[in-house]
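As structure tokens, the structure follows; a few thoughts come after it.
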């Protein structure tokens with residue numbers, strides 16, 4: 064069975080030594096969120112995730128149970144009890160406003176907690192996941208009545224939320240949806256339609272479930288401009304917030320999935336269910352994107368958490384497993400064979416995981432810290448810059464961390480050899496669970512199109528400029544730091560290449576819009592690898608300036624050297640693919656694919 068230990072030392076290094084979140088949060092007016100409080104949250108989060116959630120990960124793989132006659136879903140043994148402990152500990156409201164019963168903690172601290180949850184038990188973590196998104200949607204777009212009635216039980220965790228977008232005939236093309244909303248005399252709406260792939264659409268862990276549903280009004284314009292957002296409770300809720308009879312929404316089936324079996328992925332049928340309009344008519348997509356953007360960053364953390372758990376177990380196994388002798392001669396002559404960690408190829412896989420996990424953690428935490436700055440920054444310019452930066456980083460965090468999650472869980476399984484394919488070791492479950500993270504909340508290709516088509520071109524690279532300004536300011540400030548002399552020249556070259564490719568894509572797309580789609584996937588990953596080069600350079604600088612033991616500093620430096628020598632050169636392949644243009648993708652006649 065795979066094990067999990069919360070990586071508190073590296074989390075603290077990232078938060079305090081690199082990002083200096085305690086200082087940043089104090090500047091944002093959150094002086095009460097000091098290092099002592101953050102440490103307490105991390106410690107208690109580590110206790111809950113390692114002692115309560117992690118042991119249930121293998122149990123959850125047996126899946127949920129669906130009662131076809133009633134539409135009820137029963138979660139795996141221990142899941143509901145764990146959720147009750149989660150609620151009792153106040154975790155659902157960690158980042159929510161105090162006025163609705165939350166703790167108003169910064170998003171970056173919530174990100175650290177979320178990473179631990181996902182590493183410990185990804186399937187379980189999906190149940191409270193979208194409650195946070197539903198909270199954000201109601202905070203930004205809900206009426207005063209909706210906020211008063213729905214937010215407190217949602218923040219407390221007594222109720223959970225869902226996001227109902229996808230329909231059987233329309234995947235990511237929401238303009239094709241058919242779910243209808245007809246006005247009622249009392250101001251509510253009758254919602255009719257079917258939604259699929261609904262995470263936590265039905266379960267036995269909370270009193271009520273709030274479905275946020277995209278639907279079209281009778282007078283809706285065609286396409287995505289005609290979409291409205293509605294809140295549809297599992298149990299009807301009156302004007303005073305009291306739950307009433309069962310609403311006409313029911314789970315029709317559970318999807319049979321490759322992984323995350325413990326997470327209820329539901330087909331939801333709305334049969335003239337009572338719902339309430341959230342925000343303005345025909346403006347639902349904007350409101351839903353508030354949920355989706357939150358969820359996209361959160362899914363990036365899922366990839367990170369799975370990567371870290373896989374790495375921890377692969378490292379432990381590599382230290383224990385005896386097989387063959389080192390090529391340079393026996394390292395443990397008193398043993399019948401050497402542990403496999405002496406072999407270069409095993410080292411390659413372990414270092415790849417370590418470099419992507421530790422670099423990816425900073426990439427994610429930095430994005431979440433800017434969510435806090437965008438909300439609490441001292442002036443409008445600061446808030447706008449942070450918001451643009453979050454928008455730019457979101458598809459990179461979501462896509463890169465989940466795709467690297469697949470790579471890391473694969474490498475971890477490879478470290479185990481044939482034993483990695485056996486259920487009892489738990490590695491194949493991590494590999495199966497990781498696969499979905501690149502798909503839900505927008506596939507990798509959709510993230511890439513968002514990055515290039517919207518963030519780079521439509522928004523004229525506003526977020527990228529903010530990021531480059533930060534990186535270049537660091538490079539200038541540390542130009543004479545001897546500890547960074549081996550990294551800084553390469554980092555600057557990669558930054559120049561990145562900017563040149565951005566300009567190239569912008570220019571060529573004006574003549575042929577297909578160039579956007581042709582370049583986007585490679586551009587996204589090139590962006591991710593350049594971003595990690597920055598974070599690894601900053602890690603070395605922060606480690607050298609810290610009071611950490613020399614062994615910690617050496618580990619950061621050697622991992623950075625590995626990253627620059629072995630992983631950063633992947634940008635060369637992405638650069639060559641972009642420069643090859645889109646013609647090689649579009650030249651083959653459709654019929655010739657047979």
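Residue numbers (this note's numbering): 64 to 657. Note that the Cβ used here is the ideal one computed from N, Cα and C, for glycine as well.
For residue 523, count neighbouring Cβ atoms within 10 angstroms of its own Cβ and tell me buried if that reaches 16, exposed if not. Taking the first residue of the chain shown as position 1, residue 523 is located at position 460. So residue 523 ends up on the exposed side.
Spatial neighbours of residue 458 in its chain, beta-carbon cut-off 6 Å, leaving aside the 5 residues before and after: As a first step, residue 458 must be located in the chain shown, where it is residue number 395. Closer than 6 Å at Cβ, skipping near neighbours: 510, 513 and 514.
Which runs of the beta strand (DSSP E), 3 residues or longer, sit entirely within the stretch 272–332? 291–296, 298–300, 306–309 and 312–317
Proximity to residue 336 [Cα-Cα], best of 309, 329, 570 and 351: Indexing the chain shown from 1 puts residue 336 at position 273. The option with the nearest alpha carbon to residue 336 is 309.
For residue 372, the first and last residue of its enclosing alpha helix (DSSP H): As a first step, residue 372 must be located in the chain shown, where it is residue number 309. Element bounds for residue 372: 347–383.
Every unbroken beta strand (DSSP E) inside the stretch 183–246 [3 residues or more]: 222–227 and 243–246
Rounded straight-line distance, which links the Cα of residue 374 to that of residue 119: Stepping through the chain shown from its first residue, residue 119 is reached at position 56. Stepping through the chain shown from its first residue, residue 374 is reached at position 311. Their backbone Cα atoms lie some 19 Å apart in a straight line.
Count the C-beta pairs between the stretch 567–579 and the stretch 607–624 that are closer than 8 Å, then say yes if the count reaches three, no if not. no
Quick one: which unbroken alpha helix (DSSP H) runs of 4-plus residues sit fully inside the stretch 503–574? Chain order, please. 507–512, 525–540 and 551–574
Local Cβ density within 10 Å of residue 643, reported as buried at 16 or more and exposed below that: Taking the chain shown and counting its residues from 1, the one referred to as residue 643 is at position 580. Exposed, since its Cβ has fewer than 16 Cβ neighbours within 10 Å.
Does the distance from the C-beta atom of residue 88 to that of residue 169 stay below 8 Å? Against the chain shown, residue 88 aligns to sequence position 25. Against the chain shown, residue 169 aligns to sequence position 106. Yes, Cβ-Cβ distance for residue 88 and residue 169 is below 8 Å.
Is there contact between the stretch 450–464 and the stretch 399–415, where contact requires at least three CB pairs shorter than 8 Å? no
Check the DSSP bridge columns for residue 337 and list the partner residues they point to. For this step, residue 337 is matched to residue 274 along the chain shown. Looking at the DSSP assignment, residue 337 forms a beta bridge with 253.
Only counting the same chain, and skipping five residues up and downstream in sequence, which positions put a Cβ closer than 7 Å to that of residue 97? Stepping through the chain shown from its first residue, residue 97 is reached at position 34. 85.
Where residue 656 sits in the DSSP three-state scheme: As a first step, residue 656 is located in the chain shown; it is residue number 593 there, counting from the start. Three-state DSSP puts residue 656 in a helix.
The beta strand (DSSP E) spanning residue 130 covers which residue range? Position 67 of the chain shown, counted from the start, is the residue given in the question as residue 130. That run of the beta strand (DSSP E) goes 128–130.
Residue 152 CB to nearest heavy atom of the ligand MG below 7 Å: The ligand MG is not part of the structure shown, which contains no ligands of any sort.
Assign residue 517 to one of two classes, buried (16 or more other C-beta atoms within 10 Å of its C-beta) or exposed (fewer than that). The residue labelled residue 517 in the question sits at position 454 within the chain shown. Exposed, by the Cβ-count rule.
Beta-carbon separation of residue 183 and residue 223 under 8 Å? As a first step, residue 183 is located in the chain shown; it is residue number 120 there, counting from the start. As a first step, residue 223 is located in the chain shown; it is residue number 160 there, counting from the start. No, the Cβ-Cβ distance between residue 183 and residue 223 is not below 8 Å.
Helix, strand or coil for residue 122 per DSSP? Counting from 1 along the chain shown, the entry for residue 122 is found at position 59. Residue state, collapsed to three classes: helix.
Pick from 287, 355 and 646 that is closest to residue 577, judged by C-alpha positions: Here the question's residue 577 lines up with position 514 in the chain shown. Answer by Cα proximity: 646.
List the endpoints of the continuous beta strand (DSSP E) containing residue 409. Here the question's residue 409 lines up with position 346 in the chain shown. Premise fails: residue 409 lies in the alpha helix (DSSP H), 407–439, not in any beta strand (DSSP E).
Reduced DSSP secondary structure (H/G/I, E/B, other) of residue 267: Translated into the one-based positions of the chain shown, residue 267 becomes position 204. Coil.
Under DSSP, the beta strand (DSSP E) around residue 136 begins and ends at which residues? Position 73 of the chain shown holds residue 136. Element bounds for residue 136: 135–137.
Compare the Cα-Cα distances from residue 324 to each of 367, 301, 260 and 381 and report the closest residue. Counting from 1 along the chain shown, the entry for residue 324 is found at position 261. When each option's Cα is compared against that of residue 324, the closest is 260.
Which residues bound the alpha helix (DSSP H) around residue 162? Within the chain shown, residue 162 is the residue found at index 99, counting from 1. Residue 162 -> no alpha helix (DSSP H), and no H or E assigned at all.
Give me, in chain order, the residues of the same chain whose beta-carbon lies closer than 7 Å to that of residue 115; leave out the 5 immediate sequence neighbours on both sides. Taking the chain shown and counting its residues from 1, one reaches residue 115 at position 52. The answer, listed in chain order, is 145 and 148.
With DSSP as the reference, please indicate the residues paired to residue 632 in a beta bridge. What you label residue 632 is simply residue 569 of the chain shown in a count that begins at 1. Looking at the DSSP assignment, residue 632 forms no beta bridge with any residue, so it has no partner.
Take residue 226 as the anchor and find which of 208, 278, 113 and 212 has the nearest alpha-carbon. As a first step, residue 226 must be located in the chain shown, where it is residue number 163. Comparing Cα positions, the closest option is 278.
Candidates 361, 294 and 525: which alpha carbon is nearest residue 193's? For this step, residue 193 is matched to residue 130 along the chain shown. The candidate whose alpha carbon is nearest that of residue 193 is 361.
Please tell me whether residue 620 and residue 603 are closer than 8 Å, where the distance is taken between their beta carbons. Taking the first residue of the chain shown as 1, we reach residue 620 at position 557. Taking the first residue of the chain shown as 1, we reach residue 603 at position 540. Yes; because the gap between Cβ atoms is below 8 Å, this pair is in contact.
In whole angstroms, give me the CA-to-CA distance for residue 302 and residue 289. Working through the chain shown from its first residue, we reach residue 302 at position 239. Working through the chain shown from its first residue, we reach residue 289 at position 226. One C-alpha to the other measures close to 28 Å.
For residue 138, which option in 386, 493, 589 and 269 has the closest C-alpha, if you only look at C-alpha atoms? Mapped onto the chain shown, residue 138 falls at position 75. Checking every option, the nearest Cα to that of residue 138 belongs to 269.
Residue 148 - containing alpha helix (DSSP H), residue span: Along the chain shown, one-based indexing puts residue 148 at 85. Here the alpha helix (DSSP H) through residue 148 covers 142–151.
Kindly indicate which three-state DSSP category residue 485 falls into: helix, strand or coil? Counting from one through the chain shown, the residue named residue 485 turns up at place 422. The answer is coil: DSSP assigns residue 485 none of H, G, I, E or B.
Suppose the cutoff is 7 Å on Cβ atoms and the five residues either side in sequence are ignored; what does the same chain contact list for residue 615 look like? Numbered from its first residue, the chain shown carries residue 615 at position 552. Cβ neighbours of residue 615 beyond the five flanking positions: 606.
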